[in-house]
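Student: Chains as they are written, first to last, in my numbering: chain A, 43 to 281; chain B, 43 to 281.
Using N, Cα and C, we set each Cβ at its ideal position, and we do this for glycine too.
Predicted, not measured: the structure shown is a model, and the values here were computed from it.
This is the structure I want to talk about, given as structure tokens.
There are 2 protein chains.
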Amino acid sequence: MEVNEKIVSVKKLEKEYFKIAFSVDNVIFGFDEKELKVLLIKRGEQPFYDYWALPGDLVNPTEDLRDAPQRILTELTGIDSVFLEQSKTFGKMGRHPSGRVITTVYLSLINVNMVNLKPSSFAETVAWKSIKSLGSLAFDHDEILEHCLHTLKQSVQQRPIGFELLPELFTLSDLQDLYEVILDESLDKRNFRKKILSMKILIDTDQMQSGVAHRPARLYKFDQEKYLRLKEEGFSFGI
Amino acid sequence: MEVNEKIVSVKKLEKEYFKIAFSVDNVIFGFDEKELKVLLIKRGEQPFYDYWALPGDLVNPTEDLRDAPQRILTELTGIDSVFLEQSKTFGKMGRHPSGRVITTVYLSLINVNMVNLKPSSFAETVAWKSIKSLGSLAFDHDEILEHCLHTLKQSVQQRPIGFELLPELFTLSDLQDLYEVILDESLDKRNFRKKILSMKILIDTDQMQSGVAHRPARLYKFDQEKYLRLKEEGFSFGI
DNA sequence: CCAAAAGTGTTAGGCTTACACCCATGA
DNA sequence: TCATGGGTGTAAGCCTAACACTTTTGG
Chain A
43 MEVNEKIVSV KKLEKEYFKI AFSVDNVIFG FDEKELKVLL IKRGEQPFYD
93 YWALPGDLVN PTEDLRDAPQ RILTELTGID SVFLEQSKTF GKMGRHPSGR
143 VITTVYLSLI NVNMVNLKPS SFAETVAWKS IKSLGSLAFD HDEILEHCLH
193 TLKQSVQQRP IGFELLPELF TLSDLQDLYE VILDESLDKR NFRKKILSMK
243 ILIDTDQMQS GVAHRPARLY KFDQEKYLRL KEEGFSFGI
Chain B
43 MEVNEKIVSV KKLEKEYFKI AFSVDNVIFG FDEKELKVLL IKRGEQPFYD
93 YWALPGDLVN PTEDLRDAPQ RILTELTGID SVFLEQSKTF GKMGRHPSGR
143 VITTVYLSLI NVNMVNLKPS SFAETVAWKS IKSLGSLAFD HDEILEHCLH
193 TLKQSVQQRP IGFELLPELF TLSDLQDLYE VILDESLDKR NFRKKILSMK
243 ILIDTDQMQS GVAHRPARLY KFDQEKYLRL KEEGFSFGI
């Protein structure tokens, strides 16, 4: 097709005249088994062959910047409606061995149960990896991940973010576990509950856990409306 | 329609020898005469001829991303040590009429007294403009500025940021004026002073204002060391 | 002596923190 | 009946918010 030909020829021109490539990388967090996980791909080519890396891709010249991480996410997980927020742009000279690449990082939070991981054009191997047990990642992805973890920690204390990581129905203990993992500290149960319930962003579904070998917990879900309002205003988690 | 647009834009890009151009824009805030100001340049060419715009430039293929805004800032103001922080990257398709340009915005805070504005390769006309009286800016710079103002408002409540906008010696009223302008609300004098002094980031220089037609105020300066420590940890301004 | 801004303390209410025991279930 | 995690209340201390008058200077 003619348009594609032109685009290809422009791609060549870019290589020759404009030596900066522009990509996006996704830091996709999930929460499972009381651990914070990140979605990584295994590289099948050099450089960093066989290393784990953040999923990313060059930005298509005809897509909005914001659409690129969405495209990657959808391709990898099948999910399209999701928490997806721009993080930071990394552009040091030496960050990519094969040339000058500037990358904008997007952070997203998803419920692992909604995801059906599928091999894609990005990689054959895609996996949730616990952030506690990661070796070195490809490129400067260690630094990028570190930055996103820091952002997540801050955000969770300032806005009602993080709920995106849980299933639709969850217990207060689930929520507390999540906060403890993200903040990397333990919280007082009674105070945590008081705080969360006082925000009025949870709806008690009157349903209960079942099949657990202890007193079953109440199941809650979010009040989307209040949640969005609070997200605008911000709040202080003051933990 | 869309395909035609694509072809036209691709043709243009071939002429100009690039596909995605990558730039940085600087939002440089200053504080003077009890007003928050932003440093703008007047465009001398199309598109947006004669409009005010944020100073910006293409990223040089051989400089770190972070060095580009520093270079612009230094060229415009002569300042090299300064608060300079990455803000957000803007990359919608239509944001630049002459082609695809992705731009990373940097926010900086400077003391206007340190600055000696000079015409540069970026523009003949450089000026501090009050953020209260701005017409439409070039490109999507209104949106960018809006975003940075929002960021500044948030930041000032979470970390001891903003002091960079004041001269070395300043009064508590200066500081309060600054906060009131940034937050766009008036603050209680006694509570403000208690709060600021309890942070222990100010040093009382035992000097006084002089030549003012009222009781002269004490002059303070910053305790850099405590300031940096607090900047790490963050704090709650809780106004 | 007037105008202008600097400087100062107290109180009430709300939020945060620390802390320990009983409950409901499955095994 | 035991093990496991669910669920609950209170008091002390700290922080916030509201509020008005005296002081010091230049003109």
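1. Starting from the Cα of Asp122/B, find the closest Cα among Ser197/B, Pro89/B and Ala110/B and give me that residue.
2. From Tyr148/A to Asp74/A, what distance separates their C-alpha atoms?
3. For Asn155/B, which residues of its own chain have a beta-carbon under 8 Å away from its beta-carbon, when the five flanking residues on both sides are left out?
4. Could you check whether the Cβ of Val101/A sits closer than 9 Å to any Cβ belonging to chain B?
5. Any beta carbon from chain A within less than 9 Å of Asp226/B's own beta carbon?
6. What residues are listed by DSSP as bridge partners for Asn68/B?
7. Between the Cα of Ile186/A and the Cα atoms of Ile144/A, Ser162/A, Tyr221/A and Lys160/A, which residue gives the shortest distance?
8. Is Tyr269/A closer than 9 Å to Phe205/A when the C-beta atoms are compared?
9. Any idea what DSSP makes of Lys267/B, helix, strand or coil?
10. Within 9 Å of any Cβ in chain A, is that where the Cβ of Phe125/B sits?
11. Are Leu261/B and Leu211/B close, meaning C-beta to C-beta below 9 Å?
12. If contact means a Cβ-Cβ distance below 8 Å, which residues of the stretch 132-156 of chain B contact chain A?
13. Return the first residue and the last residue of the alpha helix (DSSP H) that Leu299/A is part of.
14. Just how far apart, CA to CA, sit Pro97/A and Leu100/B?
15. Could you work out which residue in Ala165/A, Ser163/A, Thr131/A and Asp184/A is closest to Gly173/A when comparing CA atoms only?
16. With H, G and I counted as helix, E and B as strand and the rest as coil, what does DSSP make of Gln199/A?
17. Along chain A, in chain order, which residues have C-beta atoms closer than 8 Å to that of Gln128/B?
18. What does DSSP give as the partner residues of Val254/A in its beta bridges?
19. So, Arg142/B versus Ala63/B, is the Cβ gap smaller than 9 Å?
20. Which class does Arg108/A belong to by DSSP, given the choice of helix, strand or coil?
21. So, does the CB of Glu188/A fall closer than 9 Å to a CB anywhere in chain B?
22. Give a yes or no on whether the minimum CB-CB distance between Arg113/A and chain B is below 9 Å.
23. Along the chain, where does the beta strand (DSSP E) that runs through Phe234/A open and close?
24. What residues in its chain sit with their C-beta under 8 Å from that of Lys242/B, if we drop five residues either side in the sequence?
25. Under 9 Å, Cβ to Cβ, is there at least one residue of chain A near Leu270/B?
26. Quick one: is Gln196/B buried, meaning 16 or more other Cβ sit within 10 Å of its Cβ, or exposed?
27. Under 7 Å Cβ to Cβ from Phe90/B, same chain only, skipping five residues before and after it: list those, please.
28. How many Å lie between Cys190/A and Arg235/B at the Cα?
29. Taking DSSP as the reference, what is the three-state secondary structure of Glu87/B?
30. Pull up the distance between the alpha-carbon of Thr104/A and that of Met135/B, whole angstroms please.
31. To the nearest angstrom, report how far apart Lys160/A and Glu117/A are at their CA atoms.
32. What first and last residue would you give for the beta strand (DSSP E) that runs through Phe125/B?
33. With a 10 Å radius around its C-beta and 16 neighbouring C-beta atoms as the bar for buried, classify Arg85/A as buried or exposed.
34. Are the beta-carbon atoms belonging to Val69/A and Ser150/A less than 9 Å from one another?
35. So with CB distances below 8 Å, who are the chain A contacts of Phe64/B?
Tutor: Considering the structure as presented:
1. Ala110/B
2. 21 Å
3. Pro209
4. Interface annotation, Val101/A: in contact with chain B, CB-CB separation under 9 Å.
5. no
6. Tyr148/B
7. Ile144/A
8. yes
9. Position check: residue 267/B holds Glu in this sequence, whereas Lys was assumed. Looking at Glu267/B - three-state DSSP - the assignment turns out to be helix.
10. no
11. yes
12. Listed by position along the chain: Phe132, Gly133, Lys134, Met135, Arg142, Ile144 and Thr146.
13. Residue 299/A lies beyond the residue range present for chain A, which begins at 43 and ends at 281; the question has no answer from this structure.
14. 27 Å
15. Contrary to the premise, residue 173/A reads as Ile rather than Gly in this sequence. Cα-wise, what sits closest to Ile173/A is Asp184/A.
16. helix
17. Lys130 and Thr131
18. Its beta-bridge partners do not exist; DSSP assigns none.
19. yes
20. If DSSP states are grouped into helix, strand and coil, Arg108/A belongs with coil.
21. no
22. no
23. Run containing Phe234/A: none in the beta strand (DSSP E); it sits in the alpha helix (DSSP H), Lys231 to Met241.
24. Asp265 and Lys268
25. Proximity of Leu270/B to chain A, defined by a Cβ-Cβ separation below 9 Å, is not satisfied.
26. exposed
27. So the qualifying residues of the chain are Ala180 and Phe181.
28. 35 Å
29. coil
30. Rounded to the nearest angstrom, the gap between the Cα atoms of Thr104/A and Met135/B is 7 Å.
31. Distance between the alpha carbons of Lys160/A and Glu117/A is about 8 Å.
32. Phe125 to Phe132
33. Buried, because 16 or more other Cβ atoms sit within 10 Å of the Cβ of Arg85/A.
34. yes
35. Ile62, Phe64 and Ile144
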